[in-house]
Amino acid sequence: MSIDQTSSAQSTLPASYAAGVRIPYAQLPAEVRDWVADQLPGPVSEIIDRRGGFSPGVAATVQTASGDGLFVKAVTAAINADSLRIYRNERDRGLRLPRLPGILKPTGAKEFGVHDRTGTEQAWIAITFPLLDGTPPAHPWSRADAVRCLDLCLRLSQQLTPAPWTDEPGATETMVDMFGGWQRLADADDDPWLDDPWITERLDELIMVEQELQAALPGDTLCHFDLRADNIMITSSGEPWFVDWAHARRAVGWLDPVFLVTDMIASGADRGDGGELDIVELLATHPACAAAPERLRFGLIGSWAVFLHSASRRPASPGLPTIRTWQQLSADAMLRFVRRVGTG
């Protein structure tokens, strides 16, 4: 039987959209493809490689002629060792997630030891998920998609409090890294953002807000911790689903919705950038975001901006040739927003 294999066009994604360069499904080892085929009730008839997300691994939909299908992710340490660790986290945390509408759980996962042409064994992991009839939110974000996803954030924050498990690290262990960028900037001596008078005049205040943010973020809600458009699917009936829970951990319940708004800002969705969202109004009035103190809402946006800016200056990551450019574009967009509306 012939198999129809196509690729979704990367050229349709704007620069603001997280999109690495993935290997195609056809390049998976036969052992992995055979395992995926065994999960389906009939022969594979169609494979579509998908774009979006920062992983060099495979992301593809695999279907039979009758329409049964799976979404498949797979990666090897030979491409990027850190991606293998992240996929293992996605498997382990995903399988432990409760079954709730809006949470996409894995249906299966397996690790493989595959010998390459030199005889060296390479570690692979593959994870399968239910196939959703939907697409990620487009960039720039629309108001309809923004409200749908923030509504889901609110519902999940209620359903996932208290967190369904307590043996994963809480937010405290990651706060200084994720939201400690202004202090690191102050300690640097060669960062171009130090040439910006708007930043240098406010650096002490930005550091103070960042410290308040670090103290406020730990909590007992299980949060996704990586919400962007490429980690969301909206079905044809308008239901959002959050995917890729590799970074899930406990934090305060308003972290996810405010963090998601940073992606809306980076996409150019704010009216100040020509979009259809009034981000300040959305943060103040949607109950998922309004639970956060105003000073900390804007503090999180600014702190995430400087984190991404600093990350963009690191050496290129193996197998991820687009990530540094995306990080800097996103950081610049968030800084423009905070500069425009103030720091709360």
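Note that the UniProt record's numbering has the sequence shown beginning at 1, numbered continuously upward.
Idealized CB from N, CA, C, for every residue including glycine.
None of the values given here were measured: they were computed from a predicted structure.
Can you confirm whether the stretch 178 to 196 touches the stretch 115 to 125 when touching is taken to mean that 3 or more C-beta pairs between the two stretches lie within less than 8 Å? no
Under 8 Å between the Cβ atoms of residue 213 and residue 259? Taking the sequence shown and counting its residues from 1, one reaches residue 213 at position 213. Taking the sequence shown and counting its residues from 1, one reaches residue 259 at position 259. Contact: no.
If you compare alpha carbons, which of 254, 131 and 146 is closest to residue 138? Numbered from its first residue, the sequence shown carries residue 138 at position 138. Among 254, 131 and 146, the Cα nearest to that of residue 138 is on 146.
Taking only the alpha-carbon atoms, compute the straight-line gap between residue 72 and residue 235 and give it to the nearest angstrom. By one-based count along the sequence shown, residue 72 stands at place 72. By one-based count along the sequence shown, residue 235 stands at place 235. The straight-line gap from Cα to Cα measures roughly 18 Å.
Quick test of the definition: if touching needs 3 or more C-beta pairs under 8 Å, does the stretch 251 to 271 touch the stretch 74 to 93? no
Determine the DSSP secondary structure at residue 94, reduced to helix, strand or coil. Residue 94 sits at position 94 when you count from the first residue of the sequence shown. Residue 94: helix per DSSP, three-state reduction.
Is it true that the CB of residue 140 sits closer than 8 Å to the CB of residue 267? Your numbering for residue 267 matches position 267 in the sequence shown. Your numbering for residue 140 matches position 140 in the sequence shown. In this structure, residue 140 lies closer than 8 Å to residue 267 by Cβ.
What's the C-alpha gap between residue 88 and residue 110? The residue you call residue 88 lines up with position 88 of the sequence shown. The residue you call residue 110 lines up with position 110 of the sequence shown. The straight-line gap from Cα to Cα measures roughly 10 Å.
Segment contact flag, the stretch 61 to 68 with the stretch 32 to 51, C-beta cutoff 8 Å, min 3 pairs: yes
What are the complete beta strand (DSSP E) segments, minimum 3 residues, inside the UniProt domain "Aminoglycoside phosphotransferase" (117 to 261)? 121 to 130, 221 to 223, 232 to 235, 240 to 242 and 249 to 251
Can you give the Cα-Cα distance for residue 264 and residue 115, rounded to whole angstroms? Taking the sequence shown and counting its residues from 1, the one referred to as residue 264 is at position 264. Taking the sequence shown and counting its residues from 1, the one referred to as residue 115 is at position 115. C-alpha separation (whole angstroms): 43 Å.
For residue 36: DSSP bridge partner residues: In the sequence shown, the residue the question calls residue 36 occupies position 36. None, per the DSSP bridge assignment.
Tell me, please, whether the stretch 313 to 322 touches the stretch 286 to 294 by the rule of three or more beta-carbon pairs shorter than 8 Å. No contact exists between the stretch 313 to 322 and the stretch 286 to 294.
Check each candidate in 327, 174, 164 and 160 and name the one with the smallest Cα separation from residue 228. As a working mapping, residue 228 is identified with position 228 in the sequence shown. With distances taken between Cα atoms, residue 228 lies closest to 327.
For residue 181, which residues of its own chain have a beta-carbon under 7 Å away from its beta-carbon, when the five flanking residues on both sides are left out? Reading the sequence shown from its first residue, position 181 is the one you call residue 181. Correct list, in chain order: 303, 306, 307 and 310.
Flag this pair as yes or no: are the beta carbons of residue 84 and residue 76 separated by less than 8 Å? For the purposes of this step, residue 84 is taken as residue 84 along the sequence shown, with counting starting at 1. For the purposes of this step, residue 76 is taken as residue 76 along the sequence shown, with counting starting at 1. Yes, the pair counts as a contact, with Cβ atoms nearer than the cut-off.
Excluding sequence positions up to five away, which residues of its chain have a Cβ less than 8 Å from the Cβ of residue 56? In the sequence shown, counting from the first residue as 1, residue 56 sits at position 56. Same-chain partners within the cutoff: 20, 21, 22, 23, 75, 79, 80, 83, 318, 319 and 320.
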